[in-house]
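Heads up: the sequence shown runs through residues 10 to 405, numbered per our numbering. Quick reminder that beta carbons are idealized off the backbone N, C-alpha and C, glycines included. Some notes on the structure that comes next.
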Amino acid sequence: MPATEDPDPPFASVDAVVDALREQGYIADTRLATTVFLLTRLDKPLLLEGPAGVGKTELAKMLALATGRRLLRLQCYEGQDETKALYEWDYGKQLMYTQILREKIGQVVEDAPDLTAAVERIGENESVFFSERFLAPRPLLEAIRSPEPVVLLIDEVDRADEALEAVLLETLGEFQISIPEIGTFTAEQRPYVLLTSNNTRDLAAALKRRCLHLFLDYPEAARELEIVRSKKTGLSDSLAEELVGVVRGLRELELRKAPSISETIDWARTLAVLGVEELNSQILSDTVSVVVKYDKDVKKALDALPRLVDPNAVVEEPGHGHGHGHGHGHGHSDDDGDVDGSGVRSAKDTAGRHGEGVYGTPKYAKGTDKDAPATPRTVTSSQGSRSFGLGRKRAL
């Protein structure tokens, strides 16, 4: 049975999309709302690409709420088998039925003249065990077979293998799924399909050709501030505006992962819980791990926060000196501060420079008065050979 178009579209206009999503707490601009409107009218899947945390997955959730449809989600991952996305056979159930019907199967083959005839008789009935009764639908098949219209979210499709993309072509192009043992299932009610990608790899051109496309980037400052305020974080409007400015400054750094919108909201809630009444570099440094999740990124953020909070702040550049106050004494210097390197090296070659009895230095020469100066001990060539193993032959 062919798929039918939605007889009662959920949105009368682009503005209706904006209002409906806003009621669910999702702030959409005109460009995004226009694309969603076309999704509901053209019955084409929508591919959302962009950095992580800009609201791609959230859009599918809010669209389901706004339209009253059930949300089905396929979370993609590396090495995912297409059976996990389409369907699986319930082998446990098949085995249980086989055990229960053992006697009946025996009756079918009991008068078979030979093994070949018995196998043929069983083969004539094998379709019984490969029917819808034993089919375990996964999100894609469930969305196609659903008697009620649904929203299908295929999340992070760029993480899946290319084999899954090939499987998706039939589903996204014809809204149908073919099962060799049974036949082809075609959607009675076409689902709203949204695919998300974080751009970890390029998607196939054939997949993109079947979809509406929108690159969803970080919003402008005004819209991000509106999003933060709409979440009722408890942070004052003035501090929320300052915080959004700080986050946008962090995104300009070369970070491994830039702060997402949801993390900005989490940071605002964190500061509200702490009762912060004024933003300063200290409180932001203490809580920066809410939005920055990698060690190297944290170091970059800590260096930049004073400047982001107060552009006129003077940040001392770290110098070469250790500043530990240990008095390392790396060398002798003259009045001009120049180090006499050769003098330092010569001093290190002076016998007995460590004092009496230190590092094997004799306190006084044997057989002499204690006040007599100690003489360095000489080492013969044979002793040196034995010490370093040069006189030993190693077996090869």
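Extent of the continuous beta strand (DSSP E) run through residue i
i, result
"Pro146", "144-146"
"Ser187", "185-188"
"Arg82", "79-84"
"Thr195", "192-195"
"Thr425", "Nothing can be reported for residue 425: it is not among the residues displayed for the chain, which extend from 10 to 405."
"Glu58", "55-58"
"Thr92", "Note, Thr92: premise wrong, no beta strand (DSSP E); alpha helix (DSSP H) at 91-94."
Close Cβ partners of residue i (< 6 Å) along its chain, the five nearest in sequence each way excluded
i, result
"Ala213", "Glu174"
"Ala267", "Arg260"
"Val166", "Cys85, Leu204, Ser206"
"Lys309", "Leu262"
"Val300", "Pro268, Glu272, Trp276"
"Tyr303", "Arg265"
"Leu216", "Glu174"
"Gly258", "Leu317"
"Gly182", "Arg219"
Counted within 10 angstroms of its Cβ, other Cβ atoms place residue i as buried (16 or more) or exposed
i, result
"Glu272", "buried"
"Glu58", "buried"
"Ile236", "buried"
"Ser22", "exposed"
"Thr44", "buried"
"Val282", "exposed"
"Asp306", "buried"
"Gly77", "exposed"
"Arg187", "Checking the sequence, you will find Ser at residue 187 rather than Arg. Its Cβ having fewer than 16 others within 10 Å, Ser187 is exposed."
"Gly340", "Low confidence applies here, because Gly340 scores a pLDDT of 43, under 50, leaving its location unreliable; read the following figure in that light. Burial call: exposed."
"Arg362", "No answer about Arg362 holds up, because its pLDDT of 47 lies below 50 and its placement is not dependable."
"Ser239", "exposed"
"Thr193", "exposed"
"Ser298", "exposed"
"Pro200", "buried"
"Gly34", "exposed"
"Ala69", "buried"
"Pro228", "buried"
"Ile153", "buried"
"Pro54", "buried"
"Lys65", "buried"
"Pro148", "buried"
"Ile191", "exposed"
N- and C-terminal bounds of the alpha helix (DSSP H) containing residue i
i, result
"Phe224", "Careful: Phe224 lies outside any alpha helix (DSSP H), inside the beta strand (DSSP E) at 221-224."
"Gly254", "246-260"
"Val27", "23-32"
"Ile270", "270-282"
"Glu157", "Glu157 -> no alpha helix (DSSP H), and no H or E assigned at all."
"Thr49", "39-51"
"Ser290", "290-296"
"Val285", "Here Val285 belongs to no alpha helix (DSSP H), and DSSP marks it neither H nor E."
"Leu264", "Careful: Leu264 lies outside any alpha helix (DSSP H) and carries neither H nor E."
"Leu204", "Per DSSP, Leu204 belongs to no alpha helix (DSSP H); it is in the beta strand (DSSP E), 201-206."
"Ala231", "230-239"
"Arg210", "Neither: Arg210 is in no alpha helix (DSSP H) and is coded neither H nor E."
"Ala61", "From DSSP, Ala61 is part of no alpha helix (DSSP H); its letter is neither H nor E."
"Arg316", "304-318"
Nonlocal neighbours in the same chain, by C-beta distance under 8 Å from residue i, ignoring five residues either side
i, result
"Glu87", "Arg168, Ala169, Asp170"
"Arg354", "At Arg354, the pLDDT of 45 sits below 50, so the modelled position is not reliable; the number obtained from the coordinates is stated separately. Same-chain partners within the cutoff: there are none."
"Leu41", "Leu68, Leu223, Leu225"
"Leu252", "Val237, Leu244, Thr273, Trp276, Ala277, Leu280, Leu288"
"Pro156", "Glu197, Gln198"
Residues near residue i by beta carbon distance below 7 Å, same chain, minus five either side
i, result
"Glu250", "Leu234"
"Thr62", "According to the sequence provided, residue 62 is Gly. The question's Thr does not apply to it. Cβ within range, chain order: Ser269, Ile270, Ser271, Glu272."
"Asn289", "Val318"
"Met95", "Here residue 95 turns out to be Leu, not Met, going by the sequence shown. Closer than 7 Å at the Cβ level, and outside the excluded window around Leu95, lie Arg147, Leu149, Leu150, Val176, Ile186."
"Phe397", "Summary for Phe397: the model assigns pLDDT 45, below 50, so the residue's position carries little reliability, and this model does not support an answer."
Cutoff 7 Å: residue i Cβ touching any chain B Cβ
i, result
"Lys308", "Looking for chain B here will not work: only one protein chain is present."
Closer than 8 Å is the cut-off here; do at least three beta carbon pairs connect the region 152-163 with the region 77-97? Three or more Cβ pairs drawn from the region 152-163 and the region 77-97 lie within less than 8 Å of each other, which places the two stretches in contact.
Three-pair Cβ contact test at 8 Å for the region 239-259 versus the region 189-205: Touching, no.
At a cut of 8 Å, does the region 214-222 reach the region 46-53 through at least three beta carbon pairs? With a cut-off of 8 Å on Cβ pairs, the region 214-222 is in contact with the region 46-53, counting three or more such pairs.
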